[in-house]
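Q:
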Amino acid sequence: MPSETESLMFRQLDNVARDSDVEKFEASRFWWSTCGRDLARMMSVAEYPEEAQRQFLGFFRDTITPQLGRRPDSTSGQSGGKHILE
1 MPSETESLMF
11 RQLDNVARDS
21 DVEKFEASRF
31 WWSTCGRDLA
41 RMMSVAEYPE
51 EAQRQFLGFF
61 RDTITPQLGR
71 RPDSTSGQSG
81 GKHILE
């Protein structure tokens, strides 16, 4: 399967159902559009079967992203753990 900038599977699953809680929906949407896109690309490049991609990405979108909380803001710490090691 050829690799694309944005995987076909991501585009097919990019229809997150609206949650009645707008803030929760927006947070899930952020995580899906950032991490989900990268995860879809990695699975595509690794040539996972389409059905496995669909099932795992659906699980990530519907189950994992709502648990990740709100999106980071400008006061969030830098990634990489520098603040822990200093």
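Per full-length UniProt numbering, the sequence shown starts with residue 1, numbered consecutively. We put the CB at the ideal spot given by N, CA and C, even for glycine. Quick caveat, the model's predicted, so the values are computed rather than measured.
(1) Under a three-way DSSP split, which group does E26 fall into?
(2) For S76, count neighbouring Cβ atoms within 10 angstroms of its own Cβ and tell me buried if that reaches 16, exposed if not.
(3) Output the boundary residues of the alpha helix (DSSP H) element that contains G58.
(4) Using three-state DSSP, classify H83 as helix, strand or coil.
(5) So what's R41 in DSSP terms, helix, strand or just coil?
(6) If you follow the alpha helix (DSSP H) that residue 89 is part of, which residue opens it and which one closes it?
(7) Can you grab the Cα-Cα spacing for the pair G36 / V22, in whole Å?
A: According to the data block:
(1) helix
(2) exposed
(3) E50 to F59
(4) Bear in mind that a pLDDT of 48 at H83, under 50, signals an unreliable position, so the model cannot answer this.
(5) helix
(6) Lying outside 1 to 86, the shown extent of the chain, residue 89 is not represented and no answer is given.
(7) 19 Å
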